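According to the working numbering, the sequence shown holds residues 2 to 375 in order.
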Amino acid sequence: MTEAGITGSGESPYQRHPGADITTESVLTDAAARALRDAGRGFADVDGLAVASFTLAPDHAVDLAWRLGLRLRWISEDTNGGGSGINMLGHAVRAVTAGECRTVLVLAGDAFPPGRFHELVTGYNRATTEHLAPLPLDGPNALFALLTQRQLRRHGLERADYGAIAVRQRSWAAHNPGAVYRAPLTIEEYLAAPPVAPPLHRYDCVPVVTGADALLVEADPGPGGVRVRAMGTSVNPDDQDGDGLVTGIAGIAPEVWERAGCGPEDLDLVQVYDDYPAMVLAQLADLGLVPDGDLRRFLHTRWESLPCNTSGGQLSAGQAGAAGGMHGLVEAVRQLRGQAGQRQVGARLAAVTGYGMVLYRYGALGNLAVLEAV
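Okay, structure coming up:
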């Protein structure tokens, strides 16, 4: 048995309106090349591959491996949306630790030419196709509008409270050359934005982009690498019969903290899956970062000083389909390796969450990874 860790990361530039020559294969290949270059490796060094993508179809991971000229000893394909990144990282670490392979390329990304995103959200799963699309409800905005209404009432929140999240993440994005939205956002602009699905307005919803993210997992990462201290996943937790304001992360967080040998108070950095501001708050609470449960107090006391979603998150950087579950991991790795430029926070210990696979109401899968700079 050998220790495995992350030695490289890469992100193919996110684009709101890609050219006709940009394909899912091209952005995945570009992200892969960037991660390998970051680690000082080449495609010939790769003997393991994990892929998540909604739009690679009809191709699969094995087809991409063939197109990249990879000769592999291990391969995996994940279809769990925002939970795919941490899922694949866990599989890759275990494969390397067990000696099945030595160098795993972990990839996620999508390309969205005109009309493709509409096809994806209307045919996302059977629940969507049979029960939501006929209404019609395109995408998850209406579902998360209901969840946001519920959170507003339960915690006595106002729209301006959510605006604090969007504004703060935009200020991080200003220092991220890869974010699609970098211009400053004021609370006045946030409140004046046009409605999408009340109470959600423009800046509450992630911008859909084309792009990809990649990590390289290797044996014995050594100084400059990133170690995975602990991970956990929850699928269809008991609270799926609840109201969605508590995710499956709440159930796994205590055991992940125990295995990691730390607690939420020890974190230098947090990257939570931010498809909507309400989910940022829900996951921060599930991690134990809001111990008294008072979300409004948290926003007015701790939020501004907490290094959270330091890339700008998906709300400002963009959501590249299945790469949404990898974006936070790539940012955490960059921060832990001192590669985050002007937004560098000097982190040694980070937590990253994943959240995905919306069924009828909200995500059926949540996961958590605790990462540490070697």
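Don't be surprised by glycine CBs; every beta carbon is placed ideally from N, CA and C.
If you're wondering where the values come from, they're calculated on a predicted model, not measured in any experiment.
query, result
"Whole-angstrom distance between glutamate 305 and arginine 169, CA atom to CA atom", "7 Å"
"Beta-ladder partner(s) of tryptophan 75, from DSSP", "Gly49"
"Uninterrupted beta strand (DSSP E) stretches inside the region 323-362 (no shorter than 3 residues)", "350-359"
"Residue span of the beta strand (DSSP E) that contains glutamine 215, given as start and end", "Note that residue 215 corresponds to alanine in the displayed sequence, not to glutamine. Segment 211-220, the beta strand (DSSP E) holding alanine 215."
"Same chain, Cβ closer than 8 Å to glutamate 26, neighbours up to 5 away in sequence not counted", "Leu57, Asp60, Leu65 and Arg68"
"3-residue-minimum beta strand (DSSP E) runs that sit fully inside the region 61-107, ordered along the chain", "75-78"
"Three-state secondary structure assigned by DSSP to asparagine 310", "coil"
"Contact under 8 Å by Cβ, alanine 40 with leucine 217", "yes"
"Neighbour-count burial assignment, glutamate 256, 16 or more Cβ in a 10 Å radius", "exposed"
"Secondary structure, beta strand (DSSP E): runs of 3+ residues fully inside the region 225-275", "227-236 and 270-272"
"Touch test, the region 317-333 against the region 349-359, Cβ-Cβ under 8 Å, three pairs minimum", "yes"
"The region 182-197 contacting the region 241-261, beta-carbon criterion three pairs below 8 Å", "no"
"Cβ-Cβ distance between glutamine 343 and histidine 176 below 8 Å", "yes"
"Spatial distance of proline 137 from valine 122 (CA atoms)", "11 Å"
"Nonlocal neighbours in the same chain, by C-beta distance under 8 Å from glutamate 4, ignoring five residues either side", "Thr98, Ala220, Asp221, Pro222 and Arg228"
"Which of helix, strand or coil DSSP assigns to glycine 289", "coil"
"Range covered by the beta strand (DSSP E) that runs through valine 197", "196-198"
"Under 8 Å between C-beta atoms of glycine 289 and alanine 254", "yes"
"Helix, strand or coil at leucine 147 according to DSSP, with G and I counted as helix", "helix"
"Residue closest to alanine 193, alpha-carbon to alpha-carbon, out of Val207, Ala215, Gly212 and Gly164", "Gly164"
"Nearest residue (CA-CA) to leucine 147, options Ala213, Val28, Leu300 and Leu246", "Leu246"
"Serine 13, enclosing beta strand (DSSP E) - first and last residue", "5-16"
"CA-to-CA distance, aspartate 205 to aspartate 239, given in whole angstroms", "28 Å"
"Run of the beta strand (DSSP E) containing glutamate 373, from where it starts to where it stops", "364-374"
"Leucine 186 versus Arg362, Gly313 and Tyr15, residue with shortest Cα-Cα distance", "Gly313"
"Residues of its chain near phenylalanine 44, where Cβ-Cβ distance is below 7 Å and the 5 sequence neighbours each way are ignored", "Leu37, Leu69, Gly70 and Leu71"
"Cβ pair arginine 42, glycine 84 closer than 8 Å", "no"
"Per-residue DSSP class, three states only, for aspartate 111", "strand"
"Residues near alanine 215 in its chain [Cβ-Cβ closer than 6 Å; skip 5 each side]", "Gly11, Ala32, Ala33, Ala36 and Leu108"
"For aspartate 269, the nearest candidate out of Thr302, Arg154, Tyr15 and Leu307 (CA to CA)", "Leu307"
"Top-ranked residue by Cα proximity to arginine 297, from Leu282, Arg117 and Ala62", "Leu282"
"Distance, leucine 106 Cα to alanine 53 Cα", "12 Å"
"For threonine 311, the nearest candidate out of Ala351, Val291, His301 and Ala279 (CA to CA)", "Ala351"
"Element boundaries [alpha helix (DSSP H), containing valine 207]", "No alpha helix (DSSP H) holds valine 207; DSSP gives it neither H nor E."
"Histidine 176 - DSSP class collapsed to helix/strand/coil", "coil"
"For asparagine 142, the nearest candidate out of Ser235, Leu372 and Pro199 (CA to CA)", "Pro199"
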